[in-house]
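J.:
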């Protein structure tokens, strides 16, 4: 049996950064840009906001004229009227003030807003009982963004706040990285399509196609699924080559047997140069993971067991999609803190992923490991997430706190 | 000025559970079920797997016949041939063994699989150098799921592993909770559609419609957006009533002025019974949050400032969509641990959300607070997430570790 060149999970992530590049850019309307990644920086075309705005309901005035105001000796202003929202403000005369609403436009000549609670309107006079500093309760023109300033950098994922900022700039279209098209090919003589009603002896229904399509889309790819292939090397090579031509990235979900793994490996090598980059990863489950490059297009070979396949895809498939999408910001994987309900020994030498079930008690979250072979999907659906025992560690103890990464 | 009845964020979440119920169910095909929530439990229609399967590549045999085998005195088996993947296995005769692949079907009469590395094939004989226990390297029929056993409970969110499990069961269609339709109505005399090219004085472009549509979809709703309305109570009431008829849930994004907030409040009260449930929340930013029920349909009134609106929606809008979708499992909000780069004083008495920027150093993650008024969207796009100072706490100190919740 040929020995695998096994590498660490961290090294696989570095190889993904090194061997693959962001896809080209396309122009799309802002309404469809949620979840996409900016291909070019965007600058503000004008000051945001475009005028001095009040941050409170109150009276717009000249701060200088409020100095010295106090409870027993209020400053007196002439009431000029109300500034309607969304209308140009009038000009402020000396000694005047205007009623202004939150978000309203300050009159020229005004540089501050006195909050309503420190004032009283008496006929055509406004009394102010404390001084107001210049700029108080005002958002200045260009305070959010100055004209020409970079609003968002290239590589930024466009989420709610980025869409909001771009909307406030009046952005109609923008340049984003093309959405990666991920090809998915399953093989295995034992597999039948999942809609097969009567299962012939020895056959199982294909579960990876639906699972991996969901995950690929979740991580930002479009997914193109090929047929289920029989365990035949020439067929596998031909279909892989065909699908790879139409896609940016290929995922091979081979069978779990040594023979099946062998021709997946050969296929990935044949599709080079440079071919195979990773022949195994020091991770459990998921050791028989393969990674190759076909002239810059990534090919990920998943382990045969469904649980290993999902874990590996959520780690490396996600990283590949992220890389092809051109995302630049740091990768922070959020988790919840939970206390272990039992000891978790580990053999060390490899990163271990342990499935856990969570339970909320009054003051803490309890994590209970769920074991089961990596062919048993129900151990995955019965858990809330997983924790990681790093390669250098000999396990975790009951009562110890661990970071649990959620499936959702 | 009327005093608001202010409640805690925790109490708002309890009111959402108490006043609103999951929507009715619909039947959809499994291929489109990702991200949806099961309305009814699903039982296994057959044993999964449907036959005894090998978990390794090796020889299928009767464990009893391997007892006593050792390096110097191997057990000898007659080689019966190879069991092809996906085919019914032959029957095992006494003293026989069959080559089997990972995932292959065990012959009747076999109850264990010996791994290849402990064997040698010599002509028509297989020598085995250690004993194998009954059941070793075998997944038993029904070990994943027994026929009639509950595969997934009602209220389960369908993600990759649930789709995989249901595919392996041959599920074609299933009952899920209807996807909530969220209506979105913005008002404000100062607002113009975001595609407005030349901004008239005093006007700003609407940013909430795009932001909140994105978030609503992200949390699992479909979104129906109304027009931007002028600040007029009768108009607001009429349009709210109309939109609410067509939706399961209404989000009102009113202006930031006292007057605008006042008629949003009146609208929400008028749309009862029972009308207003929450008139303010002890949270910063986001205090002027409103929640009402119109005959069981939730209405969420967002604060006027864009940042407050997004934060509040990601908290309570998400909880409402979750509730209407019928999700049952615990709500665990994942975060990353980061060390504060400076002191963060707090006035106490309210839950404070502080925006932070993250930076990865060699051994830890550093969180730096970014301040800025809640009208300034660029302070949101420049940060990675937020941390929470609980109501009872007087702030956080430099060097202290805090949980940071990411925007993504």
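Protein chains in written order, with this note's numbering: chain F, 1 to 408; chain D, 1 to 408.
Cβ coordinates follow ideal geometry from the N, Cα and C atoms, glycine included.
Can you give me, in chain order, the residues of the stretch 83 to 96 of chain F that have a beta carbon less than 9 Å from any beta carbon in chain D?
T.: From the stretch 83 to 96 of chain F, only 83, 84, 85, 86, 87, 88, 89 have a Cβ closer than 9 Å to chain D.
J.: In chain order, which continuous runs of the beta strand (DSSP E) of length 3 or greater are located wholly inside the stretch 169 to 244 of chain F?
T.: Those beta strand (DSSP E) runs which fall completely within the stretch 169 to 244 of chain F and span 3+ residues are 173 to 177, 181 to 187, 222 to 229.
J.: Could you give the distance in angstroms between the alpha-carbon of residue 411 of chain D and the alpha-carbon of residue 12 of chain D?
T.: There is simply no residue 411 of chain D to check, as chain D begins at 1 and stops at 408 in what is shown.
J.: Identify which residue in F:310, F:214, F:193 has its Cα closest to the Cα of residue 205 of chain F.
T.: Ranking the options by Cα distance to residue 205 of chain F, first place goes to F:193.
J.: With 9 Å as the threshold, decide whether the Cβ of residue 208 of chain F is near any Cβ in chain D.
T.: By this cut-off, residue 208 of chain F is an interface position.
J.: Whole angstroms are fine: how far does the CA of residue 217 of chain F sit from the CA of residue 84 of chain D?
T.: Their Cα atoms are separated by approximately 34 Å.
J.: Tell me whether the beta-carbon of residue 375 of chain D lies closer than 9 Å to the beta-carbon of residue 376 of chain F.
T.: No, these two residues do not count as a Cβ contact at 9 Å.
J.: So, at 7 Å on beta carbons, what are the nonlocal neighbours of residue 399 of chain D in its own chain, with the 5 sequence-adjacent residues on each side left out?
T.: The answer, listed in chain order, is 339, 340.
J.: Just to make sure I have the definition right: I need the residues of chain F whose C-beta is within less than 7 Å of the C-beta of residue 172 of chain D. Which are they?
T.: Neighbours of residue 172 of chain D on chain F, chain order: 195.
J.: Would residue 179 of chain D and residue 325 of chain D qualify as a contact pair, given that the criterion is a beta-carbon distance under 9 Å?
T.: It is a contact, given that the beta carbons lie within the stated cut-off.
J.: In the DSSP assignment, what residue or residues form a beta bridge with residue 78 of chain F?
T.: Residue 78 of chain F pairs with F:96, F:125.
J.: Assess contact between the stretch 120 to 132 of chain F and the stretch 284 to 295 of chain F, defined as three or more Cβ pairs (one per stretch) separated by less than 8 Å. Is contact present?
T.: In short, these stretches do not touch, since the Cβ pair count stays below three.
J.: Comparing C-alpha positions only, which one of F:263, F:89, F:110, F:252 sits nearest to residue 96 of chain F?
T.: The shortest C-alpha separation from residue 96 of chain F is found at F:110.
J.: If the cut is a Cβ gap below 8 Å, which residues of chain D does residue 402 of chain F touch?
T.: Here the premise fails: no neighbours, minimum Cβ distance about 12 Å.
J.: Name the chain F residues whose beta carbon is nearer than 8 Å to that of residue 376 of chain D?
T.: Those are 139, 143, 144, listed as they occur along chain F.
J.: Pull up the distance between the alpha-carbon of residue 382 of chain F and that of residue 103 of chain D, whole angstroms please.
T.: Cα to Cα, the separation comes out at about 22 Å.
J.: Is residue 373 of chain F close to chain D? Criterion is C-beta to C-beta, closer than 9 Å.
T.: It does; some Cβ of chain D falls within 9 Å.
J.: Return yes when the Cβ of residue 46 of chain F is within less than 9 Å of the Cβ of residue 169 of chain F, no when it is not.
T.: Yes; because the gap between Cβ atoms is below 9 Å, this pair is in contact.
J.: Buried or exposed for residue 1 of chain D, going by 16 or more other Cβ atoms inside 10 Å?
T.: A caution first: residue 1 of chain D carries a pLDDT of 41, below 50, which makes its placement in the model unreliable, though a value can still be read off. When all chains shown are included, residue 1 of chain D counts as exposed.
J.: For the stretch 245 to 267 of chain D, which residues have a beta carbon sitting closer than 8 Å to at least one beta carbon of chain F?
T.: Listed by position along the chain: 255, 256, 257, 258, 259, 260.
J.: On a CA-only basis, which of D:31, D:76, D:247 is nearest residue 129 of chain D? Give me that one, please.
T.: Considering only alpha carbons, the answer is D:76.
J.: Tell me where the alpha helix (DSSP H) around residue 266 of chain F begins and ends.
T.: That run of the alpha helix (DSSP H) goes 258 to 270.
J.: Check whether the stretch 215 to 231 of chain D and the stretch 240 to 253 of chain D are in contact - that is, three or more C-beta pairs closer than 8 Å.
T.: A contact exists between the stretch 215 to 231 of chain D and the stretch 240 to 253 of chain D.
J.: Please report the distance separating the alpha-carbon of residue 304 of chain D from that of residue 351 of chain F.
T.: Rounded to the nearest angstrom, the two C-alpha atoms are 48 Å apart.
J.: Is there at least one Cβ from chain F nearer than 9 Å to residue 336 of chain D's Cβ?
T.: So, interface residue.
J.: Give me the chain F residues within the contact set of residue 105 of chain D, using Cβ-Cβ distance strictly less than 7 Å, ordered along the chain.
T.: Residues of chain F passing the Cβ test: 201, 202.
J.: With DSSP collapsed to three states, give me the class of residue 325 of chain D.
T.: In the structure shown, residue 325 of chain D sits in coil (DSSP, three-state: anything other than H, G, I, E or B).
J.: When the cut-off is 9 Å and only beta carbons count, does residue 326 of chain D lie next to chain F?
T.: Cβ-Cβ to chain F under 9 Å: no for residue 326 of chain D.
J.: With 9 Å as the threshold, decide whether the Cβ of residue 363 of chain D is near any Cβ in chain F.
T.: Chain F contact via Cβ: absent.
J.: Would you check if the stretch 276 to 291 of chain D and the stretch 307 to 314 of chain D touch, i.e. whether three or more CB-CB distances between them fall below 8 Å?
T.: With a cut-off of 8 Å, the stretch 276 to 291 of chain D and the stretch 307 to 314 of chain D count as touching, because enough Cβ pairs lie within range.
J.: State yes or no: is the C-beta of residue 314 of chain D within less than 9 Å of the C-beta of residue 254 of chain D?
T.: No, they are not a contact pair.
J.: Given this structure, state the Cα-to-Cα distance separating residue 150 of chain F from residue 385 of chain D, to the nearest angstrom.
T.: The alpha-carbon atoms of residue 150 of chain F and residue 385 of chain D are separated by roughly 20 Å.
J.: Return the bridge partner residues of residue 249 of chain F from the DSSP annotation.
T.: Residue 249 of chain F is bridged to F:182.
J.: Starting from residue 59 of chain D and walking both ways along the beta strand (DSSP E), at which residues does that stretch end?
T.: 58 to 61 is the span of the beta strand (DSSP E), which, as asked, contains residue 59 of chain D.
J.: Counting only beta-carbon atoms, is residue 98 of chain D nearer than 9 Å to chain F?
T.: Chain F contact via Cβ: absent.
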